[in-house]
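Structure first, commentary second.
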Amino acid sequence: MHSTLSPELEEHRSFCRAFAERHLRPYVERLDAGETFPPDARRRLGELGAYGLPFPESVGGGGGTFLAWAVLHEELARVLPVAGLYFQVSSIAAAAILEVGTPAQHRRHVPALFAGTSQAFLAFTEPDTGSDIGMLQTRARPTGDGGWVVNGRKMWISNAASADVGLVFALVDQGGDPTTGVGTGDELAIFLVDPKQPGFIVGNAIPIMGVRGTELHELLFEDLAVGPDGLLTRGRGAFDVLRRVMSIGKIGLCAMCVGLMQTCLEEAVRYARHRRQRGHPILDFQAIHHLVAEMVAALEASRQLTYWAATCRDQGIDAITELATAKLFVTNAALRVARQAVSVHGVYGIAQGATVERLLRDAQVFELLEGPSEVQRELVMRAVRDIV
Ligand SMILES: Cc1cc2nc3c(=O)[nH]c(=O)nc-3n(C[C@H](O)[C@H](O)[C@H](O)COP(=O)(O)OP(=O)(O)OC[C@H]3O[C@@H](n4cnc5c(N)ncnc54)[C@H](O)[C@@H]3O)c2cc1C
Numbered sequence: 013m014h015s016t017l018s019p020e021l022e023e024h025r026s027f028c029r030a031f032a033e034r035h036l037r038p039y040v041e042r043l044d045a046g047e048t049f050p051p052d053a054r055r056r057l058g059e060l061g062a063y064g065l066p067f068p069e070s071v072g073g074g075g076g077t078f079l080a081w082a083v084l085h086e087e088l089a090r091v092l093p094v095a096g097l098y099f100q101v102s103s104i105a106a107a108a109i110l111e112v113g114t115p116a117q118h119r120r121h122v123p124a125l126f127a128g129t130s131q132a133f134l135a136f137t138e139p140d141t142g143s144d145i146g147m148l149q150t151r152a153r154p155t156g157d158g159g160w161v162v163n164g165r166k167m168w169i170s171n172a173a174s175a176d177v178g179l180v181f182a183l184v185d186q187g188g189d190p191t192t193g194v195g196t197g198d199e200l201a202i203f204l205v206d207p208k209q210p211g212f213i214v215g216n217a218i219p220i221m222g223v224r225g226t227e228l229h230e231l232l233f234e235d236l237a238v239g240p241d242g243l244l245t246r247g248r249g250a251f252d253v254l255r256r257v258m259s260i261g262k263i264g265l266c267a268m269c270v271g272l273m274q275t276c277l278e279e280a281v282r283y284a285r286h287r288r289q290r291g292h293p294i295l296d297f298q299a300i301h302h303l304v305a306e307m308v309a310a311l312e313a314s315r316q317l318t319y320w321a322a323t324c325r326d327q328g329i330d331a332i333t334e335l336a337t338a339k340l341f342v343t344n345a346a347l348r349v350a351r352q353a354v355s356v357h358g359v360y361g362i363a364q365g366a367t368v369e370r371l372l373r374d375a376q377v378f379e380l381l382e383g384p385s386e387v388q389r390e391l392v393m394r395a396v397r398d399i400v
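To convert, count from 1 in the sequence shown and add 12; that's my numbering.
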């Protein structure tokens with residue numbers, strides 16, 4: 013297919029593809045079998061510049077674009093669909109610190125996160141809180157000397173067991189007048205927590221059907237002390253930060269789906285060329301042509317939608333609606349394409365160890381990550397409600 017990207021971006025693609033073949037291919041089956049992503053591989057992602065690529069050099073980033081970041085995710089995901097999740101959590105955490113942190117917080121955390129020498133987790137989800145922020149239960153109480161004590165429980169947290177720093181979403185009292193009730197009530201706050209502090213407890217691991225090796229865990233905070241320099245932001249600002257930084261994650265997620273679809277297509281064509289029925293390779297059958305053509309159309313539409321959303325971000329807008337639109341379409345397309353790739357393979361597509369069987373499981377997880385489709389539909393609808 014003809015590319016509309018610049019020669020520089022195509023060169024970047026080739027470089028990322030070669031990196032993935034060399035440094036990620038060896039882990040694909042081991043991670044799916046339950047191993048975790050090794051520190052050495054994380055270090056290599058740091059050397060590649062994956063963590064900070066779209067952020068300015070002045071803050072320790074790579075000075076690249078979100079479009080280049082999308083291409084990076086896509087090419088790593090072509091080999092290992094989950095690869096982007098290993099570094100983008102740290103990138104998102106660094107982006108949040110850059111947006112609302114103090115200069116001291118920047119200096120302490122951002123360069124190391126962009127270099128990949130420090131890893132972060134981001135803890136929003138709780139047992140009763142999925143996409144509805146109103147259900148949050150984790151609470152932070154002021155200690156009177158500027159510090160805080162955090163109590164609560166988080167679920168489904170990537171990097172939870174290996175991170176050096178964490179961003180924890182918790183409720184704090186607005187601190188109004190309790191006699192009149194004016195200004196009282198809860199507001200959202202984001203804290204920077206140190207996993208080495210007493211009261212920080214890594215709970216059960218959460219095994220899932222696909223996207224394995226992400227080290228998903230439950231986290232418990234039992235009187236976890238946070239110093240005065242640990243409050244990142246609170247109030248309306250905290251909610252806005254969450255929306256903006258999660259939109260960065262969606263660029264990566266869409267691009268990961270594109271990489272996954274590319275492999276589904278390659279696997280389907282490779283299999284159809286070699287599998288023979290009634291004296292012909294099945295690639296000669298019109299039914300297979302139709303399946304493959306549908307896969308190509310979904311892949312290319314998803315690729316362009318992802319590049320468009322990334323370019324919107326490069327043009328300086330939050331791109332929340334654009335990314336919800338892309339996420340809705342692309343993650344559903346990935347599920348469909350993975351299913352079509354399995355269909356081309358017949359029963360061999362559902363055999364344990366088949367590449368397309370693994371990709372179908374990964375595609376199902378991608379659809380649920382970073383807000384399910386129902387939530388994306390609501391975001392898109394909100395943006396067009398008043399267009400006429
Ligand atoms: C691999 C992986 C890694 C993750 N990493 C992290 C992490 O690092 N940090 C973190 O905080 N979380 C993480 N999560 C959690 C993830 O972000 C949440 O699971 C996700 O946001 C949705 O939560 P939920 O499925 O419980 O959704 P819920 O909001 O409980 O939704 C359940 C279902 O209800 C429906 N629904 C919900 N809201 C609406 C609505 N408004 N309109 C219509 N229907 C609706 C949808 O069908 C949805 O599928 C991770 C999850 C996975 C799978």
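Even for Gly, the Cβ is constructed at its ideal location relative to N, Cα and C.
Query	Result
Buried or exposed (CB count within 10 angstroms, at least 16 for buried), residue 316	exposed
Under the three-state DSSP convention, the category residue 115 falls into	helix
With 16 other Cβ atoms within 10 Å as the buried cut-off, status of residue 205	buried
For residue 141, the three-state DSSP class (helix, strand or coil)	strand
Extent of the continuous alpha helix (DSSP H) run through residue 44	40 to 44
Neighbour-count burial assignment, residue 147, 16 or more Cβ in a 10 Å radius	exposed
Close Cβ partners of residue 58 (< 6 angstroms) along its chain, the five nearest in sequence each way excluded	127, 128
Any non-hydrogen atom of ligand 1 within 7 angstroms of residue 382 CB	yes
Range of the contiguous beta strand (DSSP E) that encloses residue 229	229 to 238
Residue 130 versus residue 298 - alpha carbon distance	52 angstroms
Alpha-carbon to alpha-carbon, residue 34 and residue 92	12 angstroms
Alpha-carbon to alpha-carbon, residue 94 and residue 403	Since the first residue shown for the chain is 13 and the last is 400, residue 403 is missing from the structure and cannot be characterised.
Those residues which DSSP pairs with residue 178 across a bridge	133, 205
Residue 386: CB within 7 angstroms of a non-hydrogen atom of ligand 1	yes
Straight-line Cα distance separating residue 273 from residue 349	6 angstroms
Residue 203 Cβ short of 7 angstroms to ligand 1 heavy atom set	no
Rounded separation between residue 343 and residue 375 - CA only	7 angstroms
Cβ distance (whole Å) where residue 221 is taken to contact residue 373 below 8 angstroms	5 angstroms
Option in 262, 248, 256 with minimal Cα separation from residue 328	256
Start and end residues, alpha helix (DSSP H) containing residue 217	It is not in any alpha helix (DSSP H) - residue 217 instead sits in the beta strand (DSSP E) that spans 212 to 217.
Three-state secondary structure assigned by DSSP to residue 400	coil
Beta-carbon proximity check, residue 338 vs residue 266, cutoff 8 angstroms	yes
Beta-carbon proximity check, residue 72 vs residue 61, cutoff 8 angstroms	no
Any non-hydrogen atom of ligand 1 within 7 angstroms of residue 340 CB	no
8 angstroms Cβ shell around residue 216 - same chain, five flanking residues per side excluded	229, 230
Close beta carbons around residue 158, own chain, < 7 angstroms, minus the five adjacent residues each side	240
CB of residue 36 within 8 angstroms of CB of residue 65, strictly	no
Whether residue 175 touches residue 207 by CB criterion (8 angstroms)	yes
Euclidean distance between Cα positions of residue 161 and residue 259	29 angstroms
Residue range of the unbroken alpha helix (DSSP H) whose run includes residue 367	367 to 380
Residue 230: CB within 7 angstroms of a non-hydrogen atom of ligand 1	no
Touch test, the segment 131 to 146 against the segment 96 to 107, Cβ-Cβ under 8 angstroms, three pairs minimum	yes
Three-state secondary structure (DSSP) of residue 171	coil
Inter-stretch contact at 8 angstroms, needing at least 3 Cβ pairs: the segment 374 to 392 / the segment 304 to 312	no
8 angstroms Cβ cutoff met for residue 117 and residue 244	yes
Residue span of the alpha helix (DSSP H) that contains residue 256, given as start and end	248 to 286
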